[in-house]
Amino acid sequence: MGNGFQNCVSSLGIVGAAVDKGQPKDGVQNGPKAIRENGLIGLLKKLIDLLNHILKTYMLLTLYYSMLDAKVNDYGEITQPKDSEPDVILNCENQRALVKTTLELTEYVSKSVSENDMTLILGGDHSIGIGSIAGHLKTFPNSFVVWVDAHADINTPGSSESRHTHGMPLSFLLTQTSKLIPQTQGFENIKPVLEANQLLYIGLRDVDLPELKFIKELNIPYFDMHDVKRLGIQNVMEITLKTIMRYCPNCHIHLSFDIDGLDPKYAPSTGTPVPGGLSLEEGKRDGNGEICSRDYQKCSAPGLEAHAILADLCTPTAKLCNLVHFLFCLSTNLIPSFAICERRMWKFG
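Converting from the sequence shown to our numbering requires adding 70 to each position, the first position being numbered 1.
What follows is the structure, encoded as structure tokens:
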């Protein structure tokens, strides 16, 4: 781990994942396009320019010159097979289409993580967590995943009542739970890449009993919303960082941030609202300081994923753009991956 500007962001890769087959509601597949159209890429370029200015003004010239070529690399958008026939395989709906997009996303993210300091993945429902994390860990297997979400998303096909894959990504990723998923044709290339000691939850408040059983049996650390309110988000983040340091002081962090981790009054367009979530300030804190790899379920970048589409520009949802600033935290020393996923596009302006 370094301090200050040791790992300045000189390049950011962006991958779009227009995926909605992991859940039944229409709209989330429009996320990547909506984010681009609402100016996120321009904002990211301005943030890089700001870092250049700060380095030029306050830091050593050698650091400044290392930022002169900072750029945003857009790798385009992965789309689902058009007019794909509905199917149910292993008690999972639309699995043929999801397997295809998962394998493509894995390769895109792996390439971006290899070529950039940070990768941002725009989704898309939370089933993209399989491909985004698999791609990140394909390049940096010794990474740690922080999963900020109202839900645990660790149901297996056998334990899921909904059959929706957006509630199962971690069961496919974890070596311990993947053993419970029968192998069948088409799934042989989706391999588990994550161990239970590489995972920590923040913000849980709607967890199925089978999921809670998995979490406790595998000894996965978690902070539910009761813990967050009792301890305060600052203490939660400090404990989280200490947990990561014990695992590996120099590992990358992949932050998977589902927009439904926030309270619905701050993120009204999520398709899976659960009251009693993180405030906007608490959500920002999750991205502050040393965590620079983020998965926003629904949204992602090398080390960082997030599920959140920027819509409803006249509502508090628009303020979610502020979370992006933390991808470029001045104190960060970890390579980030950032994903925005699973927000329904209801209205604009």
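Glycine included, C-beta positions come from ideal geometry on N, C-alpha and C.
Quick caveat, the model's predicted, so the values are computed rather than measured.
Span separating the alpha-carbon of residue i from that of residue j
i	j	result
Gln33	Gly347	Because the chain here runs from 71 to 419, residue 33 falls outside it and cannot be looked at.
Ser182	Tyr145	8 Å
Pro274	Cys321	The sequence given here has Leu at residue 274, not Pro. If I take the Cα positions, the gap works out to 24 Å.
Val263	Arg233	22 Å
Asn143	Gly194	19 Å
Pro94	Lys103	20 Å
Met316	Leu301	For the record, residue 316 in the displayed sequence is Arg; it is not Met. Their backbone Cα atoms lie some 21 Å apart in a straight line.
Val306	Ser326	16 Å
Thr310	Tyr292	9 Å
Lys299	Glu308	15 Å
Met295	Arg106	32 Å
Glu68	His206	The requested residue 68 does not occur in the structure, where the chain is confined to residues 71 to 419.
Trp217	Tyr271	5 Å
Gly97	Ile290	32 Å
Cys162	Lys152	19 Å
Gln268	Phe257	23 Å
Leu282	Asn108	38 Å
Leu110	Lys261	32 Å
Gly112	Thr247	40 Å
Which listed residue (the options) has its alpha carbon closest to that of residue i
i	options	result
Lys141	Lys116, Ile148 and Thr149	Lys116
Leu114	Gln165, Asn100 and Thr189	Thr189
Gly83	Ile251, Ile191 and Glu231	Ile191
Thr245	Trp217, Val298, Ile200 and Tyr271	Ile200
Ile148	Ile198, Glu107 and Leu110	Ile198
Asp219	Pro343, Cys162 and Leu110	Pro343
Lys91	Ile323, Glu231, Ala204 and His196	His196
Ser44	Leu110, Pro280 and Gly109	With the chain covering 71 to 419 only, the question about residue 44 has no answer from this structure.
Gly331	Val277, Ile290, Leu282 and Ile323	Val277
Ile323	Ser202, Gly237, Asn108 and Ser248	Ser202
Sequence-distant residues of the same chain with beta carbon closer than 8 Å to residue i, five excluded per side
i	result
Cys318	Asn212 and Phe214
Pro345	Asp333 and Pro334
Asp297	Val306
Whole-angstrom C-beta distance between residue j and residue i, which should lie under 8 Å
i	j	result
Thr340	Ile329	5 Å
Gln165	Asp157	6 Å
Close beta carbons around residue i, own chain, < 7 Å, minus the five adjacent residues each side
i	result
Thr209	Ser180, Val183 and Ser184
Asn259	Leu173
Leu160	Pro227, Ile251, Pro252 and Thr254
Gly237	His221, Asp223, Asn225 and Ser230
Lys249	none
Contacts around residue i, its chain only, beta-carbon distance under 6 Å, and the 5 residues preceding and following it disregarded
i	result
Ala204	Thr176 and Val263
Thr235	Gly92, Cys162, Leu168 and Ser197
Beta carbon proximity, residue i to chain D, threshold 9 Å
i	result
Gly146	Annotation note: the requested chain D is absent from the structure, which comprises a single protein chain.
Q: Spell out a yes or no on whether the segment 166–178 and the segment 84–102 are touching, meaning 3 or more CB-CB pairs, one atom from each, closer than 8 Å.
A: The segment 166–178, when compared against the segment 84–102, does touch it at the 8 Å Cβ threshold.
Q: Take every Cβ of the segment 241–250, pair it with every Cβ of the segment 220–229, and state whether three or more of those distances are shorter than 8 Å.
A: yes
Q. Do the segment 279–286 and the segment 160–170 touch if we need at least three Cβ pairs shorter than 8 Å?
A. no
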